[in-house]
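Reading through the structure tokens given below for one structure.
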Amino acid sequence: MRSILEAFHEYRVSDLGIRIVDRDEELLEMLKLLRFGEDVDPRNSLIYVVSGPWGCGKTEFARALTRALSTAKEVIATYINVPQSFALEEFYGTTPSEIVGIVENFVENFLGDRGKLLFNLYKLVKHLVNALKVRNRRLVLIFDEVTSTLDRYRVSIRDLVAGLSKEIYDAAWSFGCEVYVVMLTSECTALYDFKREEGKNMVVYQMWHLDKKHLARILEELGSPHDVEAVWKLCGGCPRAVYELWRREWMLERWVSPYIDKVRISLQSYARSHRVAEKELLREISRLVEDLDALELHPLWNEFLKNNVVTPIFSEWLGGKAPPNEAWIGNSIAFQMPIYRTVLETMAEEGRLGVESSKVLRRALS
Ligand SMILES: Nc1ncnc2c1ncn2[C@@H]1O[C@H](COP(=O)(O)OP(=O)(O)O)[C@@H](O)[C@H]1O
Ligand SMILES: [Mg+2]
-2 MRSILEAFHE YRVSDLGIRI VDRDEELLEM LKLLRFGEDV DPRNSLIYVV
48 SGPWGCGKTE FARALTRALS TAKEVIATYI NVPQSFALEE FYGTTPSEIV
98 GIVENFVENF LGDRGKLLFN LYKLVKHLVN ALKVRNRRLV LIFDEVTSTL
148 DRYRVSIRDL VAGLSKEIYD AAWSFGCEVY VVMLTSECTA LYDFKREEGK
198 NMVVYQMWHL DKKHLARILE ELGSPHDVEA VWKLCGGCPR AVYELWRREW
248 MLERWVSPYI DKVRISLQSY ARSHRVAEKE LLREISRLVE DLDALELHPL
298 WNEFLKNNVV TPIFSEWLGG KAPPNEAWIG NSIAFQMPIY RTVLETMAEE
348 GRLGVESSKV LRRALS
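Quick note: the sequence shown uses this note's numbering, first residue -2, plus one each step.
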């Protein structure tokens, strides 16, 4: 167990070149779920869904987790980045090379397409059984951005969950092991589907951005010229936003403009499809920024959801770790980052959708 924790903390986030920050609670939650120290029992097999706002760190967590779990003899872990099926290294991430070889052999001889792995779980486990000793071991099969190919294969989340629960049980009983399928998704619209399918062998966890203390750690390691409070007011602890800021050499104006564009494009798309004039739209925005929880019932919600501007929050999925108590976070919904709320406020105040980066920043940092 200690070596798992150590290996997890030694993992380096590849684009930033720094050690992974935090995520201890998520790791412990995962290890609890895997029942380390207990006898292997096929009945423990389950589906674990990890959702969370865009850029909160799900992929990095999963890559570090795969690396760390692979240090334990009783575990066989794979990381599979579903949308990257054409790029070998990205697709298998931190999966140990021996396991990559076995899975690739299965793909080449039986599936012909890596994208089909998720739908052939029983056969995949069987193939692993033939190549490795799996009895009394735990198989942890992680699929990142799992919803991305469902449309291509015309599979609904309901069918996926029903199919997987049957397959993991069948495989676990047939081969005397435990099978855990971990599915990661940033797609907020999928959360409602998972909510409907929640059952005794599917557990959902909603990850949040980093807290202020860990945001401070990343900023210090990267040598940020901005103080923690300022960055917090812009991104609320979103590590991907910090990465974007770092990549733009800490220049706030360059950093903020894609987020302004994203909000404006969502609003324009909504206005066109609902035939709402700009003036009326701006009036609605002024009302909605004051009353965050009302937004979920507004037709704009779907547009914002689709574009990862907002997210529902299911408190029962937070694992006792509540998002911070801040103005951009409501009881059951939140803006994914504070900057989105500030952009809307600036638009309402200025009375137009075309707002300047400098005005948004001044407002955010005041
Ligand atoms: N725990 C972490 N520690 C340090 N940097 C992180 C961490 N999590 C994410 N990052 C940074 O944020 C970026 C986005 O994270 P990622 O895992 O891709 O988010 P998600 O998969 O939730 O969209 C990463 O490329 C990395 O630069
Ligand atoms: Mg990801």
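The beta-carbon is built from N, C-alpha and C at its ideal position, and this holds for glycine as well.
Starting from residue i, follow its DSSP beta bridges and name the residues at the other end.
i: V307; result: F332
i: I73; result: L136
i: L43; result: Y177
i: I326; result: A331
Nearer than 8 Å: is that true of the beta carbon of residue i relative to any heavy atom of ligand 2?
i: E142; result: yes
i: K55; result: yes
i: S183; result: yes
What would DSSP say about residue i, mapped onto helix, strand or coil?
i: N78; result: strand
i: L350; result: coil
i: S48; result: strand
i: R16; result: strand
i: Y166; result: helix
i: V10; result: strand
i: G196; result: strand
i: D369; result: Beyond the ends of the chain as shown, which are -2 and 363, falls residue 369; an answer cannot be given.
i: L118; result: helix
i: P236; result: helix
i: D21; result: helix
i: K318; result: coil
i: D190; result: helix
i: H124; result: helix
i: E342; result: helix
With a 10 Å radius around its C-beta and 16 neighbouring C-beta atoms as the bar for buried, classify residue i as buried or exposed.
i: R368; result: Outside the displayed span of the chain (-2 to 363) sits residue 368, for which this structure offers no information.
i: Y189; result: exposed
i: T186; result: exposed
i: E277; result: exposed
i: E262; result: Correcting the residue type first, residue 262 is Ile in the shown sequence and not Glu. It is exposed - the Cβ of I262 has fewer than 16 other Cβ atoms within 10 Å.
i: P296; result: exposed
i: H271; result: exposed
i: E300; result: buried
i: N102; result: exposed
i: W252; result: buried
i: F172; result: buried
i: I15; result: exposed
What are the boundary residues of the beta strand (DSSP E) that includes residue i?
i: T182; result: E175 to T182
i: I257; result: Taken as a continuous stretch (DSSP letters only), I257 belongs to no beta strand (DSSP E), being part of the alpha helix (DSSP H) at L249 to H271.
i: D36; result: No beta strand (DSSP E) holds D36; DSSP gives it neither H nor E.
i: R135; result: R135 to D141
What residue range is occupied by the uninterrupted alpha helix (DSSP H) comprising residue i?
i: L85; result: L85 to Y89
i: V225; result: V225 to C232
i: M199; result: Unbroken run through M199 is the beta strand (DSSP E), M199 to Q203; no alpha helix (DSSP H).
i: E57; result: K55 to L66
i: E101; result: S94 to F103
i: L129; result: Neither: L129 is in no alpha helix (DSSP H) and is coded neither H nor E.
i: H211; result: K209 to L219
Taking 8 Å as the cut-off, is the C-beta of residue i nearer than that to any heavy atom in ligand 1?
i: D290; result: no
i: V239; result: yes
i: G49; result: yes
i: R20; result: yes
i: L207; result: yes
i: F58; result: yes
i: D12; result: yes
i: P236; result: yes
i: G52; result: yes
i: I215; result: yes
i: M204; result: yes
i: I17; result: yes
Could one say the Cβ of residue i lies closer than 9 Å to chain D's Cβ atoms, at least one of them?
i: L129; result: The chain labelled as chain D is not found in the depicted structure, where only one protein chain is given.
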